[in-house]
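Visitor: My questions all concern the structure below.
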Amino acid sequence: MSQQEDPIFLSPPLIGGEEKRYVKEAFDTNWIAPVGPNIDHFEQELALKVGVDHACALSSGTAAIHLGLQLLGVGPGDLVICSSLTFVASANPIRYCGAEPVFVDSDPATWCMSVPALRKTLDRLALEGRTPKACVAVSLYGQCAPMPEIVELCRQNGVKVLDEAAEALGARHGSKLAGSFGDLGVYSFNGNKIITTSGGGALVGNDGELIERGRFLSTQARDPSEIGAYEHHVTGNNYRMSNVLAGIGRGQLRVLEDRIEARRAVFDRYLDGLRTFDGIDWMPEADYGIATRWLSCCLLPNETIRNDLLRRMHKRKIDARPVWKPMHLQPLFARCEYETHSESKDESAQIFNRGLCLPSGSSLSLSDQERVMEVVATTLS
Ligand SMILES: Cc1ncc(COP(=O)(O)O)c(C=O)c1O
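Okay, so the sequence shown: first residue is 137 according to the numbering used here, each after it adds one.
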């Protein structure tokens, strides 16, 4: 090991060829505000790319989830079903609305929301006479959740679906893309995502009126007025994306397919380079689709080995991370309800205990990836 080793990041941004041109255009034309041609184009291009009719560009994925829940009618005292194995930003907006989350376990075959656990949750709540308002179904680490089943179950129970694809832009379920199912879909363009606007998000869907209402609420819900008066009937937010950042997004959208190919190649190299080590279980790819492998994730034999590996990685300046800590295990959500995939096992807790995310950047060099694999190999030998 050399003291001079450079850090290897988990998922750094990678700029394509055209971002600067769009950003320069914004400066040259003085469209520096959260309004302008880059936003309009970005929304149209995103909608086209993911196969929906409308998109609303926002300041973050978290803002998109909050706005989406508001648009689906979630308010104080409501129940909202949510995947447990996810980043806290999937669940926090439920509380912003004054609602309470009910968490659902993962299916070990996808790591995304378990359909049997969702069914049990809906049946139990129905027996108790409690109808949840919405379901936040997360497509995790670049894998599309089993959205057709989730949407169908929720529809039968009168529950709206927020297709939370913050981590899964470009992931496929058959011929459709993550985020294009459900009543509304969400993406994040945070700097660590497969493509980025440095910070940003979007709400997408086929209901034009709903998306237009989203634009209204995301710009302080100012009532239309002939003279531009400032009158408000409802509480809005300042959630719109800047025209400068939408320019970055336009350039990044053009290279999405390249980024997916690069991330899948990173995953395949890990799989191949570490194939002789029995102790690693790689995150499965669902049989119904194609994952982007936004992050290359795996399970180690147990928590002790996983933690030992993380320490060794950090010593070598390698930014590996544990898998998300499930929401039902978070002190923040300690009193929330939770349904497991099977009677005997808490799948998301197991994935959390043994799970690891390896550096997965689209520009990860072969030599850096070899350094990562060397640390894995010495830990498991
Ligand atoms: C699953 C998930 N949901 C929501 C978010 C929130 O997105 P943002 O950081 O753009 O607010 C993220 C990532 O940051 C995420 O990983």
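The beta-carbon is built from N, C-alpha and C at its ideal position, and this holds for glycine as well.
1) Do you know how far the Cα of residue 268 is from the Cα of residue 231?
2) What first and last residue would you give for the beta strand (DSSP E) that runs through residue 237?
3) In this structure, how does DSSP classify residue 264 when only helix, strand and coil are distinguished?
4) Once DSSP output is grouped into helix, strand and coil, what is the label at residue 379?
5) Quick one, are the C-beta atoms of residue 383 and residue 174 less than 7 Å apart?
6) What span of residues does the beta strand (DSSP E) with residue 320 cover, start to end?
7) What I want to know is whether the C-beta of residue 228 ends up closer than 6 Å to one or more non-hydrogen atoms of ligand 1.
8) Measuring alpha carbon to alpha carbon, tell me which residue in 419, 432, 323 is nearest residue 389.
9) Under DSSP, the alpha helix (DSSP H) around residue 404 begins and ends at which residues?
10) What span of residues does the beta strand (DSSP E) with residue 218 cover, start to end?
11) Which of the three DSSP states, helix, strand or coil, is assigned to residue 192?
12) Once you ignore the five residues that flank residue 256 on each side, which residues in its own chain have a CB closer than 8 Å to its CB?
13) Is residue 243 helix, strand or coil by DSSP?
14) From the DSSP output, which residues share a beta bridge with residue 107?
15) Can you tell me whether DSSP reads residue 312 as helix, strand or coil?
16) Please indicate yes or no: does the CB of residue 196 lie closer than 6 Å to some heavy atom of ligand 1?
17) Quick one: using the 10 Å Cβ neighbour count with 16 as the cut-off for buried, is residue 163 buried or exposed?
18) When you compare the segment 208-223 with the segment 268-282, are there three or more beta-carbon pairs, one atom per stretch, that lie closer than 8 Å?
19) In three-state DSSP terms, what is residue 337?
20) When you compare each of 245, 284, 160, 253 to residue 319 by their alpha carbons, which one comes out closest?
21) Can you determine whether any heavy atom of ligand 1 sits closer than 6 Å to the C-beta of residue 219, and answer yes or no?
22) According to DSSP, what are the bridge partners of residue 501?
23) When you compare the CB positions of residue 280 and residue 307, do they come within less than 7 Å of one another, or not?
24) Please classify residue 249: does DSSP put it in a helix, a strand, or coil?
25) Are residue 210 and residue 233 closer than 7 Å when you measure CB to CB?
26) Please confirm whether any heavy atom of ligand 1 lies closer than 6 Å to the CB of residue 310.
27) Less than 7 Å between the C-beta atoms of residue 407 and residue 203, yes or no?
28) If I follow the unbroken alpha helix (DSSP H) through residue 484, where does it start and stop?
29) Shorter than 6 Å, the distance from the beta carbon of residue 302 to the closest heavy atom of ligand 1, or not?
Guide: Let me lay it out:
1) Distance from the CA of residue 231 to the CA of residue 268, rounded to the nearest whole angstrom, comes to 14 Å.
2) Taken as a continuous stretch (DSSP letters only), the beta strand (DSSP E) holding residue 237 covers 236-240.
3) Three-state result, residue 264: coil.
4) Helix, per DSSP.
5) The answer is yes: Cβ separation under 7 Å.
6) Boundaries of the beta strand (DSSP E) harbouring residue 320: 320-324, taken from the DSSP string.
7) Not so, every heavy atom of ligand 1 lies at least 6 Å from the Cβ.
8) Answer by Cα proximity: 323.
9) Counting along the chain, residue 404 sits inside the alpha helix (DSSP H) bounded by residues 392-409.
10) In the DSSP annotation of this structure, the continuous segment of the beta strand (DSSP E) that includes residue 218 starts and ends at 215-219.
11) In the structure shown, residue 192 sits in a strand (DSSP, three-state: E or B).
12) For residue 256, where only same-chain residues beyond five positions count, the Cβ hits under 8 Å are 475.
13) In the structure shown, residue 243 sits in coil (DSSP, three-state: anything other than H, G, I, E or B).
14) Not covered by the structure: residue 107. The range shown for the chain is 137 to 517.
15) In the three-state scheme derived from DSSP, where H, G and I count as helix and E and B as strand, residue 312 is classed as strand.
16) Indeed, a heavy atom of ligand 1 lies less than 6 Å from the Cβ.
17) Classification for residue 163: exposed.
18) Contact between the segment 208-223 and the segment 268-282 is present: three or more C-beta pairs spanning the two stretches fall below 8 Å.
19) In the three-state reduction of the DSSP assignment, residue 337 falls in the strand class.
20) Here the closest residue by C-alpha is 284.
21) For ligand 1, not one heavy atom lies less than 6 Å from the Cβ of residue 219.
22) In DSSP, residue 501 forms no bridge with anything.
23) With respect to residue 307, residue 280 sits close: the two C-beta atoms are nearer than 7 Å.
24) The answer is strand: DSSP assigns residue 249 an E or B state.
25) Cβ distance < 7 Å, so residue 210 and residue 233 count as in contact.
26) False, no ligand heavy atom lies under 6 Å from that Cβ.
27) Residue 407 places its beta carbon 7 Å or farther from that of residue 203.
28) Its alpha helix (DSSP H) spans residues 483-490.
29) Yes, since a heavy atom of ligand 1 falls inside the 6 Å radius drawn around the Cβ of residue 302.
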